[in-house]
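Numbering (this note's numbering), first residue to last: 6 to 738. The C-beta atom is built at its ideal place from N, Cα and C for all residues, glycine as well.
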């Protein structure tokens, strides 16, 4: 039985055709906004250190910026081009845009409220933020220090421009912030309007060191620094009024079907992004009316959102204050563990993998394992070839250095660099150039599809059991990017294996990406856009068959987002057949849980906390209660979104080793389901509520910070501390 051909319930009653239930999906954009509200709620958790709460406010602001620049800009573009494509819940682009505008304004108001709560608490902790409605005013020492700072570090960089017929209105780039200043020339009383654009290279907040004994450091916005020193910027003028503004533009890059040279195309597309249509104008304080009208007229604010606020207009910039070196106001530092089993092999990663498969759970276990995997491959004279996918690698990447070193050592090195990684296109162009200069064969993959799979493959010359020569393939499959910075805060899984089946499949996948050679057979891996969606629907259907035969049937899933309507409908059908489904979806979820007759057997939770949940896991019970040794378990680079399943190259990797199977299912998935301290439960009406702590509060992040992993712990812990056995404390499988 499959999810598509079942029309009766397990009791024989007819099932309604799902297409006759048009309101069975949540709106994608509204679900994302609900996610960002959950992120913002972390800034109000009194038990968190103060600067960590400020960090969550900053993250919420940065998230909202990206949402506006991509998702809202895309909808505005559809409205301009009169595209009538409906959303998953049946709304037209104008209807979605109208609803989003109201929610964006609401979210921005919530951010300002949180800032109003945090600012006095920061002051009490000795971190004063001057201006923007704060009580504190500059003293003589601070004024003198800021004047020197302005003259030395700001004045040479900024360029004021008069706005009059002789000076065309300047271009304001994406993310651009500036001041509009109304001036009067003292000599003749003439009125002048000036614009001062604040370069992105300047910090959003300036730290003023303590100027006297007993005084604490203070912060002031870059815009306020310029205003305080207006007389140095405009000698002979008197400031009558000013206003701070910020502009966000459409930042999505559309791929032309006839793009012959992707590198050249993206170099020009990145330039176009900076000049995209304005999607939001933010105004701060009592903005001069004439200046506001001038901005409205010149920026062409067709379908743009306009927001006025008294507080900061770039919440992401508050990260400058988060960097204050106050350890007592931040989470206690956490040092990732290096897997004990690798240390038992004197750090030889290949020897540890040969012993048996290994999963490294980031950030609790060090990302250095992934880097060392490539470093050792680069230095090993028996390694003959390395193949690597690169979606995001960061600005200072040890991964790139290792690949370059391997190529310079004469090894065959191939890197699939994805140019379409949003907001990382420019960095990836830079890495591609550096890799090519070192002798790496750089491939850019498919024109229409992003290569989002996380695969690294090392081919090593070794001796076989008979003393002859053979080649062994070592593979790394990840749920996260090869990015050493995000690996410190994203929870992801890294599977290392020398299973020849996985090695052969990995080689076929690389040939598919680099040479368009569609594999005729894959022995274990499942790949989108070839067969991942159909395989997942088939696996869901098998659980329905088990339920039909009266066997235990259950599905556990952990994803960042769940949007694809075919996957959601398959899960609905499984629920109708009695399959127990638990979904841990951090962000967007368009599935409605707990709806009678549709999804009463589905529960959805979201986990938000110190670390960003990023791993993707699928588990299918296989005729017994979960967890069980026979369950089919997979990790993946793909989320449950149509773009991942239909328009990206992704991999779904089966877990074939018993210890790794136990770790992923009995430890990682179980801990996520047990969490109560950081979990939010999704209701059928689309609202999220914090989970009740219950008699046994459980924090998934704390658990993994204080307990070793199953597959990486090694024999060193065998006679001492064991990994606690986890079990569900509820009446569900």
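Residue burial is scored here from C-beta neighbours: residue 33 has at least 16 other C-beta atoms within 10 angstroms and is therefore classed as buried. Taken in chain order, the unbroken stretches of beta strand (DSSP E) that lie wholly in the segment 200–260 and span 3 residues or more are 210–213, 223–226 and 242–254. Closest in C-alpha terms to residue 414, from the list 421, 383 and 402, comes 383.
Counting of Cβ neighbours within 10 angstroms places residue 688 among the exposed residues, the total staying below 16. For residue 27, the CB contacts under 7 Å within the same chain, skipping 5 residues up- and downstream, are 95 in chain order. A distance below 7 Å between beta-carbons, with the five flanking residues on each side excluded, links residue 579 to the following residues of its chain, in chain order: 8, 545, 548, 549, 560 and 586. Only residues of its own chain outside the window of five on either side were considered, and among them none has a CB closer than 7 Å to the CB of residue 435. Contact between residue 518 and residue 444 does not hold, since the beta-carbon distance rounds to 20 Å and is not under 8 Å. Three or more beta-carbon pairs separated by less than 8 Å link the segment 38–57 to the segment 119–133, which places the two stretches in contact. Secondary structure note for residue 406: its alpha helix (DSSP H) is the uninterrupted segment 403–413. Counting C-beta atoms within 10 angstroms of its own C-beta, residue 473 has fewer than 16 neighbours from the protein chains shown and is therefore classed as exposed. Take residue 122, set aside five residues on each side of it, and the residues of its chain with a beta-carbon closer than 8 Å to its own are 49, in chain order. Your pair residue 421 and residue 395 checks out as a contact, with CB atoms roughly 7 Å apart and the cut at 8 Å. About 7 Å separates the CB atoms of residue 191 and residue 242; that is less than 8 Å, so the two are in contact.
Relative to the Cα of residue 412, the nearest Cα in the group 64, 387 and 441 belongs to 441.
The DSSP assignment places complete alpha helix (DSSP H) segments of no fewer than 4 residues inside the segment 138–189 at 145–154, in order along the chain. Under the criterion of beta carbons closer than 8 Å, residue 463 and residue 388 qualify as touching, at roughly 6 Å.
Per the coordinates, the alpha-carbon of residue 732 lies some 15 Å from the alpha-carbon of residue 709. Following the DSSP letters along the chain, one finds residue 286 inside the beta strand (DSSP E) bounded by residues 283–289. Judged by their CB atoms, residue 640 and residue 498 are nearer to each other than the 8 Å cut-off. The segment 661–674 makes contact with the segment 614–628; the number of CB pairs closer than 8 Å reaches 3 or more.
Counting the other Cβ atoms within 10 Å of the Cβ of residue 470 gives fewer than 16, which makes it exposed.
Taking C-beta atoms as the reference points, residue 647 and residue 574 fail to come closer than 8 Å. Annotation: residue 294 to residue 135 spans about 25 Å, alpha carbon to alpha carbon.
CA-CA distance, residue 563 to residue 609, rounds to 10 Å. DSSP, reduced to helix, strand and coil, places residue 37 within a helical segment of the structure shown. The alpha-carbon separation between residue 179 and residue 535 amounts to approximately 37 Å.
Collapsing the DSSP output to three states places residue 690 in coil. Under the three-state reduction of DSSP, residue 497 is assigned to strand.
Under the DSSP assignment, residue 120 falls outside any beta strand (DSSP E), being part of the alpha helix (DSSP H) whose first and last residues are 98–129. Excluding sequence positions up to five before and after residue 235, its CB lies within less than 6 Å of the CB of 244, all in the same chain and listed in chain order.
With contact defined as three or more Cβ pairs closer than 8 Å, the segment 317–325 and the segment 60–72 are in contact. Assignment of residue 550 by DSSP, reduced to helix, strand and coil, places it in the helix class. Remark: three or more beta-carbon pairs, one from each stretch, lie closer than 8 Å, so the segment 194–211 and the segment 170–185 are flagged as touching. By the Cβ test, the segment 649–662 is in contact with the segment 453–467, since at least three Cβ pairs between them sit closer than 8 Å.
Put simply, the backbone Cα of residue 325 is about 6 Å away from that of residue 210.
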